[in-house]
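One structure is given here, and the rest of the page talks about it.
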Amino acid sequence: MIETTMFSAIPAVLLFGGGILLPLMPRRIRSALFVFLTITAFFLLSRLEPGATFILPFLDYQLVITRVDRLSLAFGYVFMLVAFLGAVYSFHLKDTSQAVAALFYAGSALGVVFAGDWLTLYVFWEIMAISSVWLIWSARNARSARAGMRYLLMHLFGGLVLLAGILWHVSETGSLLFNRLEVTGPAALILIGFGVNAAIPPLHAWLVDAYPEATITGSVFLSAFTTKAAVYVLARGFPGWELLVAAGTIMALYGVVFALVENDIRRILAYHIVSQVGYMVAGVGLGTETAINGSTAHAFAHILYKGQLFMATGAVLFATGRRKLTDLGGLAAELQWVLTLYMIAALSISSFPLLSGFVSKALVIHAAELEHRDWTVLFLHAASVGTFLSVGLKLPYFTWFGGSRALRPAGLPAGMYVAMIIAAAANIVIGLRPQLFYRLLPFPVEYRPYTAAHLLETLELLGFTGLVFWFLRRQIAPRAALTLDFDWFYRKPAPWLWRHVVVGVDQLFAAAESAMLALTRWLIRLARDPFALAREPAHRDKGHGTARADRHTYDPDVYRPPVGTLVLVVILCFVLLFGWSLVRTVFGA
Amino acid sequence: MRTRESIIATVVLALWIVAERLLLPDEAHGDSWWSQVPGFVPMFGLVISLVLIAIAKTLARLGLLQDEPYYDRDDDV
Numbered sequence: 000m001i002e003t004t005m006f007s008a009i010p011a012v013l014l015f016g017g018g019i020l021l022p023l024m025p026r027r028i029r030s031a032l033f034v035f036l037t038i039t040a041f042f043l044l045s046r047l048e049p050g051a052t053f054i055l056p057f058l059d060y061q062l063v064i065t066r067v068d069r070l071s072l073a074f075g076y077v078f079m080l081v082a083f084l085g086a087v088y089s090f091h092l093k094d095t096s097q098a099v100a101a102l103f104y105a106g107s108a109l110g111v112v113f114a115g116d117w118l119t120l121y122v123f124w125e126i127m128a129i130s131s132v133w134l135i136w137s138a139r140n141a142r143s144a145r146a147g148m149r150y151l152l153m154h155l156f157g158g159l160v161l162l163a164g165i166l167w168h169v170s171e172t173g174s175l176l177f178n179r180l181e182v183t184g185p186a187a188l189i190l191i192g193f194g195v196n197a198a199i200p201p202l203h204a205w206l207v208d209a210y211p212e213a214t215i216t217g218s219v220f221l222s223a224f225t226t227k228a229a230v231y232v233l234a235r236g237f238p239g240w241e242l243l244v245a246a247g248t249i250m251a252l253y254g255v256v257f258a259l260v261e262n263d264i265r266r267i268l269a270y271h272i273v274s275q276v277g278y279m280v281a282g283v284g285l286g287t288e289t290a291i292n293g294s295t296a297h298a299f300a301h302i303l304y305k306g307q308l309f310m311a312t313g314a315v316l317f318a319t320g321r322r323k324l325t326d327l328g329g330l331a332a333e334l335q336w337v338l339t340l341y342m343i344a345a346l347s348i349s350s351f352p353l354l355s356g357f358v359s360k361a362l363v364i365h366a367a368e369l370e371h372r373d374w375t376v377l378f379l380h381a382a383s384v385g386t387f388l389s390v391g392l393k394l395p396y397f398t399w400f401g402g403s404r405a406l407r408p409a410g411l412p413a414g415m416y417v418a419m420i421i422a423a424a425a426n427i428v429i430g431l432r433p434q435l436f437y438r439l440l441p442f443p444v445e446y447r448p449y450t451a452a453h454l455l456e457t458l459e460l461l462g463f464t465g466l467v468f469w470f471l472r473r474q475i476a477p478r479a480a481l482t483l484d485f486d487w488f489y490r491k492p493a494p495w496l497w498r499h500v501v502v503g504v505d506q507l508f509a510a511a512e513s514a515m516l517a518l519t520r521w522l523i524r525l526a527r528d529p530f531a532l533a534r535e536p537a538h539r540d541k542g543h544g545t546a547r548a549d550r551h552t553y554d555p556d557v558y559r560p561p562v563g564t565l566v567l568v569v570i571l572c573f574v575l576l577f578g579w580s581l582v583r584t585v586f587g588a
Numbered sequence: 000m001r002t003r004e005s006i007i008a009t010v011v012l013a014l015w016i017v018a019e020r021l022l023l024p025d026e027a028h029g030d031s032w033w034s035q036v037p038g039f040v041p042m043f044g045l046v047i048s049l050v051l052i053a054i055a056k057t058l059a060r061l062g063l064l065q066d067e068p069y070y071d072r073d074d075d076v
């Protein structure tokens, strides 16, 4: 049943309205209000029924502001869940602007997953880019300022490509409705636009460049919305596109390889966003009901455990001020609870049994098995191995164990612990009660994750990965270094381009400007003293050395004929006229 | 891996394969062809870990890892 109701747009409106009102509220209730807004939005969302729409006439078009179905609801639920977790996690924060940005970011992410037409989608898409960059800039240092600008430029580029694709698509089909696309020119442009946000290599570098520079609390929101909203729009617009299976598989492996050489803990996690989103993109590419279920489930679980991973590493950063594995170590005694909570999330992402990743990743891989894509399955298993190796073993080993650096970690705000505990509980509940979790998915699920075969396979894979890590842990010890990625292509030539394009043009403008100024100055001098042109060049040059009045200013008295001359001429004329009239009178007539 | 560790890994792997084939029923193995091959999955985990580490180290050697102020050395852009 299609039900047209404005009610379906209210959760997003509430978040936007909250974002506007929050700075006007008394300072001490702002954090609580932030949490309250996310809970209310979640509650309102849970009242929505699939089939509800909200249509707004605009010019000749009908804008479908919201279109509620099971796919968009699943993403909506988890978006509100992580917004709530992020709000609790940042309860101690005094910086209201970050809360405002987070509310706008969450609201626009909701707007994207409920948008039923391309124009609405595009508007929310851009709000998402602009509000999220504030969470990077709020770190308020030179690195985050630059990384944020690169992030923004990349997203504006992606947004423009998307807009071009949308306009082309609408002009060809005449329909604004956001549905599955066939392989056409406009669809390719739209795919590139979505691909930027989904961080599909080579369009992914903004993610690993910017997320580690965001604020501690901001990265929790960042890790959730942009990439998963992109997974949603891919699942809506491009299910069954074969290209995405290959792209997703490459992403899954690309992320783990780069994460292995990384040293910055938040950059390791960022590379694992690329890797995990790869599973979802591959699932979208498979396009079957099981695969879309798998992608949705994995997005849902991923948002929870990745949020928790960013919260735990953020807690380490908050307590120690350090973010590099080479600067960390021996924190197991002081931050044992953070370690415990981190490990729950790390084992989730490694698809350890009884945790959320086990039941969600299995669904994607199961979908590939059903399609008899053995290579895809094996590559995705290989990516799992890499995930466990770096997030499950390397990162915690060198942060909490390894050599002690005699760090004195500061105490953590209670909100941080509360948020991490809730996230951990959610991961455990999903892992223990998969059938309950599967009920949220867009299509009915037959699959049972807890079979002997699946358990054995997972434990064998992870067990022997652990063995290799233990033997080679010194080999893969972190190195204080920076990883070059595709951002090299726009970061390295940037200074050169700056010098030769920006500075060059700038210098041309400067030269033109000074030439114009010189010309103007000369004209002014000339207007003051037109006789200068007539004077001898030698005289003019000599004038430069003498007094200023002599040089430049035109003194009319110098050149004006004296009054006496004028009087003489007048009298002379008068006398001549008089004489001539006299002569005519006497001799004429 | 050094010799001693390679030997330990091989022994653990061999013992594991024997144990799981003897102790676990056939239903415990999946339907895919690799689940039927004894020891394929643990070997896969082991080999892939080694391969991933090797790739990562090769990338590092190829100059993918640079000093931290790599980008800062250029003008402030």
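As they're listed, the protein sequences go chains E and P. Numbering follows numbering that gives the first Met the number 0, in which position 299 of the first sequence is assigned residue number 298; successive positions increment by one, without gaps. Numbering follows numbering that gives the first Met the number 0, in which position 65 of the second sequence is assigned residue number 64; successive positions increment by one, without gaps. Quick reminder that beta carbons are idealized off the backbone N, C-alpha and C, glycines included. These numbers were taken from a predicted model, which means no experiment stands behind them.
What residues of chain E sit near residue i, judged by a beta carbon separation below 7 Å?
{"i": "Val11(P)", "result": "Leu466"}
{"i": "Ile52(P)", "result": "Leu259, Leu471, Gln474 and Ile475"}
{"i": "Ile47(P)", "result": "Ala381 and Val384"}
{"i": "Leu22(P)", "result": "Per Cβ cutoff of 7 Å: no residues; Leu22(P) is ~11 Å from chain E at best."}
May I ask you to list the residues that DSSP assigns as paired with residue i?
{"i": "Pro598(E)", "result": "Because chain E in this structure spans residues 0 to 588, residue 598(E) falls outside the shown range and cannot be described."}
{"i": "Gln65(P)", "result": "Leu481(E)"}
{"i": "Arg66(E)", "result": "Thr52(E)"}
{"i": "Asp263(E)", "result": "Lys323(E)"}
{"i": "Asp116(E)", "result": "Leu176(E)"}
List, in order along the chain, the chain P residues whose C-beta lies closer than 8 Å to that of residue i?
{"i": "Leu460(E)", "result": "Val40, Pro41, Phe43 and Gly44"}
{"i": "Ala479(E)", "result": "Glu67"}
What in chain P is Cβ-close to residue i, meaning under 9 Å?
{"i": "Glu368(E)", "result": "Gly29, Asp30 and Ser31"}
{"i": "Tyr212(E)", "result": "It is Glu, not Tyr, that sits at residue 212(E) in the sequence shown. In chain order: nothing, as chain P lies at least about 12 Å away."}
{"i": "Asp373(E)", "result": "Ser31, Trp32 and Trp33"}
{"i": "Leu455(E)", "result": "Glu19, Leu23, Ala27, His28, Gly29, Ser34 and Val40"}
Counting only Cβ pairs nearer than 9 Å, list the residues of chain E close to residue i.
{"i": "Ala8(P)", "result": "Phe463, Leu466, Val467 and Phe470"}
*Any chance the segment 198-218 of chain E sits against the segment 308-316 of chain E, with 3 or more Cβ pairs inside 8 Å?*
yes
*When you check each C-beta in the segment 377-388 of chain E against every C-beta of chain P, which residues fall closer than 8 Å?*
Leu377, His380, Ala381, Val384, Gly385 and Leu388
*Within the chosen definition, does the segment 378-387 of chain E reach the segment 297-308 of chain E through at least 3 CB pairs nearer than 8 Å?*
no
*Chain-ordered residues of the segment 255-274 of chain E with a beta carbon less than 7 Å from chain P*: Val255, Val256, Leu259 and Val260
*Selection of the segment 440-451 of chain E by Cβ proximity to chain P, strictly under 9 Å*: Thr450 and Ala451
*asked:* Beta carbons nearer than 7 Å to chain P: which residues of the segment 482-498 of chain E have them?
replied: Thr482, Leu483, Arg490, Ala493, Pro494 and Trp497
*Only counting runs of 4 or more residues, tell me where the alpha helix (DSSP H) segments fall wholly within the segment 316-393 of chain E, in order along the chain.*
335-348, 355-369 and 373-386
*Residues of the segment 57-71 of chain P with a CB closer than 7 Å to any CB of chain E: list them in chain order, please.*
Leu58, Ala59, Leu63, Leu64, Gln65, Asp66, Glu67, Tyr69 and Tyr70
*Can at least three beta-carbon pairs, one atom from the segment 319-333 of chain E and one from the segment 273-290 of chain E, be found at a separation below 8 Å?*
no
_Below 8 Å, how does it come out for the segment 242-260 of chain E and the segment 122-138 of chain E: are there three or more Cβ pairs, yes or no?_
no
*For the segment 434-448 of chain E and the segment 7-27 of chain P, state whether three or more C-beta atom pairs, one from each stretch, are separated by less than 8 Å.*
no
*Is it a yes or a no for the segment 324-344 of chain E touching the segment 417-425 of chain E, going by three-plus beta-carbon pairs under 8 Å?*
yes
*Does the pairing of the segment 456-467 of chain E with the segment 175-186 of chain E give three or more beta-carbon distances under 8 Å?*
no
*asked:* Please list, in chain order, the residues of the segment 303-334 of chain E that have any C-beta partner in chain P closer than 8 Å.
replied: none
*Say whether the segment 166-175 of chain E touches the segment 222-230 of chain E, bearing in mind that this needs 3 or more beta-carbon pairs closer than 8 Å, one atom from each stretch.*
no
*Answer yes if the segment 24-42 of chain E comes into contact with the segment 117-126 of chain E, meaning at least three C-beta pairs across the two stretches below 8 Å, and no otherwise.*
no
*Stretch-stretch touch, CB-based, cutoff 8 Å, three pairs: the segment 12-20 of chain E with the segment 64-78 of chain E*: no
*asked:* Measuring CB atoms only, is the segment 146-163 of chain E touching the segment 186-199 of chain E, in the sense that at least three cross pairs come out at less than 8 Å?
replied: yes
*With a cut-off of 8 Å, do at least 3 Cβ pairs link the segment 84-101 of chain E to the segment 46-60 of chain E?*
no
*Are the segment 260-272 of chain E and the segment 54-72 of chain P touching, with three or more C-beta to C-beta distances below 8 Å?*
yes
*Runs of beta strand (DSSP E) lying entirely within the segment 20-60 of chain P, each at least 3 residues, in chain order*: none
*Counting only runs that start and end within the segment 418-497 of chain E, where is the alpha helix (DSSP H) found for 4 or more residues in a row?*
433-437, 451-471, 487-490 and 492-496
*the segment 200-214 of chain E touching the segment 290-300 of chain E, judged by at least three CB pairs closer than 8 Å*: no
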